[in-house]
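Enquirer: One structure coming up, written as structure tokens, with questions to follow.
2 protein chains.
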Amino acid sequence: MRLTKQTSYAIRILMYCAANPTRLSRMPEIAEAYGLSEAFLFKILRPISEAGLVESVRGRHGGIRLARPADKITLLDVVRVTEESFAMADCFESDDPGCPLVDSCELNSALTRALNAFFTVLSEYTIEDLVRARPNIDVLLGLDKLELARA
Amino acid sequence: MRLTKQTSYAIRILMYCAANPTRLSRMPEIAEAYGLSEAFLFKILRPISEAGLVESVRGRHGGIRLARPADKITLLDVVRVTEESFAMADCFESDDPGCPLVDSCELNSALTRALNAFFTVLSEYTIEDLVRARPNIDVLLGLDKLELARA
Numbered sequence: 001m002r003l004t005k006q007t008s009y010a011i012r013i014l015m016y017c018a019a020n021p022t023r024l025s026r027m028p029e030i031a032e033a034y035g036l037s038e039a040f041l042f043k044i045l046r047p048i049s050e051a052g053l054v055e056s057v058r059g060r061h062g063g064i065r066l067a068r069p070a071d072k073i074t075l076l077d078v079v080r081v082t083e084e085s086f087a088m089a090d091c092f093e094s095d096d097p098g099c100p101l102v103d104s105c106e107l108n109s110a111l112t113r114a115l116n117a118f119f120t121v122l123s124e125y126t127i128e129d130l131v132r133a134r135p136n137i138d139v140l141l142g143l144d145k146l147e148l149a150r151a
Numbered sequence: 152m153r154l155t156k157q158t159s160y161a162i163r164i165l166m167y168c169a170a171n172p173t174r175l176s177r178m179p180e181i182a183e184a185y186g187l188s189e190a191f192l193f194k195i196l197r198p199i200s201e202a203g204l205v206e207s208v209r210g211r212h213g214g215i216r217l218a219r220p221a222d223k224i225t226l227l228d229v230v231r232v233t234e235e236s237f238a239m240a241d242c243f244e245s246d247d248p249g250c251p252l253v254d255s256c257e258l259n260s261a262l263t264r265a266l267n268a269f270f271t272v273l274s275e276y277t278i279e280d281l282v283r284a285r286p287n288i289d290v291l292l293g294l295d296k297l298e299l300a301r302a
């Protein structure tokens with residue numbers, strides 16, 4: 001059981017923007033800060049933009065920023081966008097050969113309750129919490145050097 | 152986010168044995184009941200045997216049975232055996248290119264707390280609960296026909 005890479009990449013983009021609140025963030029900078037491929041980060045940009053978590057400013061000096069304050073974006077908001085499927089077990093997917101117990105199987109209600117408990121905890125954490133927990137996040141992400149280069 | 156097929160197959164094997172408490176269950180019967188490949192079910196048999204959830208009786212009239220009562224096997228017991236990794240995000244795996252925030256990242260503690268909440272719910276359900284919720288489980292699994300054939 002694990003989250004998709006999309007989820008962790010989305011969280012990293014949001015944390016970068018939150019740690020860089022006064023400027024637009026550029027995708028090549030974000031990719032470099034995390035040692036990730038820019039192409040991969042771009043893939044996740046569209047769904048998190050459409051979900052109203054980030055907004056893009058086009059043009060030569062364009063970039064992205066959070067579409068609402070970092071303390072108004074919970075981890076549950078992100079996971080809802082980036083996790084494609086919440087059928088937790090293959091039994092409940094249409095491509096399963098067909099377990100004879102699938103209708104009203106108690107396993108489904110157990111997993112649904114467990115998943116809701118998981119979501120409840122995620123809803124208690126915001127992007128702001130993650131960023132605030134790292135006082136030197138701007139140094140770790142190389143934002144201080146970008147600032148100097150522009151000064 | 153989803154459980155591995157191993158988990159759902161393990162749960163199905165355990166439910167079959169629980170629904171068939173007075174006889175040994177044979178793997179070809181279990182595979183047929185669920186429309187699954189026997190080879191795939193065999194793969195999961197070893198870890199759930201080693202974990203003390205089922206026991207095998209060898210020989211021509213051999214088969215498997217629960218190693219302890221169905222109300223003493225929780226869904227958490229199964230998930231602990233069958234889910235290989237509980238690093239919920241790729242950031243915390245050694246093959247990640249290296250997020251600069253990985254040490255003491257608050258995301259890790261958020262996911263750990265969320266996962267614990269998930270596990271707590273799973274620990275409240277036993278294999279017996281799943282079987283008891285389906286009064287006609289023996290018919291659904293074809294156990295009644297096997298009984299007749301032997302009579």
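Just so you know, the protein sequences line up as chains A and B, in that order.
Following my numbering, the numbering of the first sequence begins with 1 at its first residue and continues without gaps.
Following my numbering, the numbering of the second sequence begins with 152 at its first residue and continues without gaps.
In this text, a Cβ means the ideal position worked out from N, Cα and C, and glycines have one as well.
#1: Any beta carbon of chain A sitting closer than 8 Å to that of residue 193 of chain B?
#2: So which residues on chain A does residue 241 of chain B lean against when the C-beta distance must stay under 7 Å?
#3: Say whether chain B places a C-beta atom closer than 8 Å to the C-beta of residue 148 of chain A.
#4: Taking residue 264 of chain B as the reference, which of A:150, A:59, A:52, A:75 has the closest Cα?
#5: Which of the three DSSP states, helix, strand or coil, is assigned to residue 44 of chain A?
#6: Within the 8 Å Cβ cut-off, does residue 303 of chain B reach chain A?
#7: Taking DSSP as the reference, what is the three-state secondary structure of residue 215 of chain B?
#8: Is it buried or exposed for residue 244 of chain B, if we count other Cβ within 10 angstroms and need 16 for buried?
#9: Which residue's Cα is closest to the Cα of residue 211 of chain B: B:203, B:177, B:169?
#10: Tell me, please, whether the CB atom of residue 272 of chain B is closer than 8 Å to any CB atom in chain C?
#11: Can you have a look at residue 119 of chain A and say buried or exposed, based on whether 16 or more other CB atoms are within 10 angstroms of its CB?
#12: Would you say residue 62 of chain A faces chain B, with C-beta separation under 8 Å as the test?
#13: What is the C-beta distance between residue 43 of chain A and residue 241 of chain B, in whole angstroms, given that I count them as a contact (C-beta under 8 Å)?
#14: Taking buried to mean at least 16 other C-beta atoms within 10 Å of its own C-beta, is residue 22 of chain A buried or exposed?
#15: Please identify the residue among B:299, B:280, B:300, B:301 whose C-alpha is closest to the C-alpha of residue 167 of chain B.
#16: Under 7 Å from any heavy atom of the ligand FMN, does the C-beta of residue 161 of chain B make it?
#17: Under a three-way DSSP split, which group does residue 274 of chain B fall into?
#18: If you drop the 5 nearest sequence neighbours on each side, which residues of the same chain put their C-beta closer than 8 Å to that of residue 277 of chain B?
#19: Measuring only the C-alpha atoms, how far is residue 179 of chain B from residue 189 of chain B?
#20: For chain B, is any of its Cβ atoms less than 8 Å away from the one on residue 14 of chain A?
Expert: According to the structure data:
#1: Within the second sequence, the letter at position 42 stands for residue 193 of chain B. Residue 193 of chain B does not count as touching chain A.
#2: Indexing the second sequence from 1 puts residue 241 of chain B at position 90. Here the neighbours are 5, 8.
#3: Indexing the first sequence from 1 puts residue 148 of chain A at position 148. No - not a single Cβ of chain B is within 8 Å of the one on residue 148 of chain A.
#4: To locate residue 264 of chain B, count along the second sequence from 1; it is residue 113. Residue 264 of chain B has its Cα closest to that of A:75, out of A:150, A:59, A:52, A:75.
#5: Indexing the first sequence from 1 puts residue 44 of chain A at position 44. If DSSP states are grouped into helix, strand and coil, residue 44 of chain A belongs with the helices.
#6: Since the first residue shown for chain B is 152 and the last is 302, residue 303 of chain B is missing from the structure and cannot be characterised.
#7: Here residue 215 of chain B corresponds to residue number 64 of the second sequence, with the count starting at 1. Reduced to three states, the DSSP call for residue 215 of chain B is strand.
#8: The count along the second sequence starts at 1 and reaches residue 244 of chain B at position 93. By the 10 Å Cβ count, residue 244 of chain B comes out exposed.
#9: Counting from 1 along the second sequence, the entry for residue 211 of chain B is found at position 60. When each option's Cα is compared against that of residue 211 of chain B, the closest is B:177.
#10: Chain labels in this structure do not include chain C; the protein chains are A and B.
#11: What you label residue 119 of chain A is simply residue 119 of the first sequence in a count that begins at 1. Residue 119 of chain A comes out buried.
#12: As a first step, residue 62 of chain A must be located in the first sequence, where it is residue number 62. False, the Cβ-Cβ gap to chain B never drops below 8 Å.
#13: Residue mapping note: residue 43 of chain A aligns to position 43 of the first sequence, counting from 1. Residue mapping note: residue 241 of chain B aligns to position 90 of the second sequence, counting from 1. Not quite, the Cβ-Cβ distance comes to about 15 Å (not below 8 Å), so this is no contact.
#14: On the first sequence, residue 22 of chain A is found 22 positions in, with the first residue counted as 1. Exposed.
#15: For this step, residue 167 of chain B is matched to residue 16 along the second sequence. Residue B:280 is the option with its Cα nearest to residue 167 of chain B.
#16: With respect to small molecules bound, the structure shown includes none, and the ligand FMN cannot be examined in it.
#17: Here residue 274 of chain B is taken as the residue at index 123 of the second sequence, counted from 1. Coil.
#18: Along the second sequence, one-based indexing puts residue 277 of chain B at 126. Hits under 8 Å: 221, 222, 223, 224, 225, 226.
#19: Residue 179 of chain B sits at position 28 when you count from the first residue of the second sequence. Residue 189 of chain B sits at position 38 when you count from the first residue of the second sequence. Their Cα atoms are separated by approximately 6 Å.
#20: Reading the first sequence from its first residue, position 14 is the one you call residue 14 of chain A. Residue 14 of chain A does not count as touching chain B.
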